[in-house]
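A.B. asks:
Residue numbers (the working numbering): 543 to 854.
1) Can you tell me whether residue 828 is buried or exposed, with buried defined as 16 or more other CB within 10 angstroms of its CB?
2) Would residue 791 pass as a contact of residue 811 if the rule is Cβ separation under 9 Å?
3) With distances taken between CB atoms, is the gap from residue 733 to residue 756 smaller than 9 Å?
4) What I want to know is whether the C-beta of residue 680 ends up closer than 8 Å to one or more non-hydrogen atoms of the ligand GTP.
5) Just to confirm, are residue 822 and residue 786 a CB contact at a threshold of 9 Å?
6) Taking C-alpha atoms, which residue in 691, 729 and 738 lies nearest to residue 706?
7) Go through its chain and collect everything with a Cβ distance to residue 752's Cβ below 7 Å, but skip five positions before and after it.
8) Quick one: grab the DSSP three-state call for residue 842.
9) For residue 831, does the count of other Cβ atoms within 10 angstroms reach 16, so buried, or fall short, so exposed?
10) Which residues in the same chain have their Cβ closer than 8 Å to the Cβ of residue 701, if we skip the five residues on either side of it in sequence?
11) Figure out for me which residue from 710, 814, 807 and 729 has the closest Cα to the Cα of residue 777.
12) Counting only runs that start and end within the region 755 to 813, where is the alpha helix (DSSP H) found for 4 or more residues in a row?
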């Protein structure tokens, strides 16, 4: 085993660590002797190699999906990680706290896994981070976002609730928490959280988009249209805002405007099957059969791919 002093790592050593981290779902043998042997082999591979600098976080990342929550809160709360996350026994895991990669590097690696479409591995990596640091707001928030994206709002709520308890002034957390509650039709609670976010930052585009979507879910389409139109004017790259603005316009009977908004949404988010499906209906209304058929085909193809990923 290497000494506790500085140990340098080569590029190959770093890649080996990342490859091992991506497979954290697999446990080593329950035999502690076998687990110890694997850790010794990994440590040996790291000796006499060069340490690469930690991967910097991209400040231009979209905050609502990849690097949500800009600070790790300092407020102490109860450790709920073992209940929230159903974590494996760390003694049996391939990496223990003493030889895991630094947390900032693991957060960057989790972000990369999301970009590569390896959502399951990203979730496991966030869970590993939380096993070591249950009060890591960024990891909890991002894990909640992934659960929400996969259609597991209850699991997402557990993470958002814990993150909000740690950092109650975090706008991203408040917005995501409120949005998840809105999906479950808990509109009153959702509104309180979103109003808290707006009280902190009244012109937050993300928070106002969430308020517009909440109004849409409530059926208050006129109020939703006003809010979402403002968001789309402020942020021409917000796929979520353009999608819900298009759906809102559709329900208000403003079909031509809805068509424009939803076409923009599909450009910004090509994997939004619902946007393509609604576009199919709008093209049907205009008796544009070929265009409608293409939109329906696109929607079915995207849905099939998503179902395949969730089952794998």
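All C-beta atoms in this analysis are idealised placements derived from N, C-alpha and C, irrespective of residue type, glycine included.
C.D. replies: The relevant details are as follows:
1) A residue is called buried once 16 or more other Cβ atoms fall within 10 Å of its Cβ, and residue 828, having fewer, is exposed.
2) no
3) yes
4) The ligand content of the structure shown is nil, which means the ligand GTP is not present either.
5) no
6) 738
7) 717, 720, 721 and 736
8) Residue 842 sits in a helix when the DSSP states are folded into three classes.
9) exposed
10) Cβ within range, chain order: 626, 682, 683, 685, 686 and 689.
11) 807
12) 763 to 776, 781 to 793 and 797 to 810
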